[in-house]
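I have placed the structure first, in the form of structure tokens, so that the comments after it can refer back to it.
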Amino acid sequence: MAGQSQAGATNERIVRLLEEVKMQLADSRKREQKMAKDLERLLNRK
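Take the sequence shown: its letters are residues 1 to 46, numbered as in the numbering used here.
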């Protein structure tokens, strides 16, 4: 039974890590979109 609880703990940790990665990717995408908008704005200056 100890192996099952250890596997469960490992799975929970994996899920937490995947959720963290998902949030970091979303933040990265927001930063990329902001940079793209800023770059477009700068390139369109006359």
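Backbone N, C-alpha and C fix where the C-beta goes; we use that ideal spot for every residue, glycine too.
Assigned secondary structure, residue i (DSSP; H/G/I helix, E/B strand, else coil)
i     : result
Asn44 : coil
CA-to-CA distance, residue j to residue i, given in whole angstroms
i     : j     : result
Lys37 : Lys30 : 11 Å
Arg45 : Met23 : 33 Å
Glu20 : Asp27 : 11 Å
Leu43 : Glu32 : 16 Å
Glu12 : Glu40 : 42 Å
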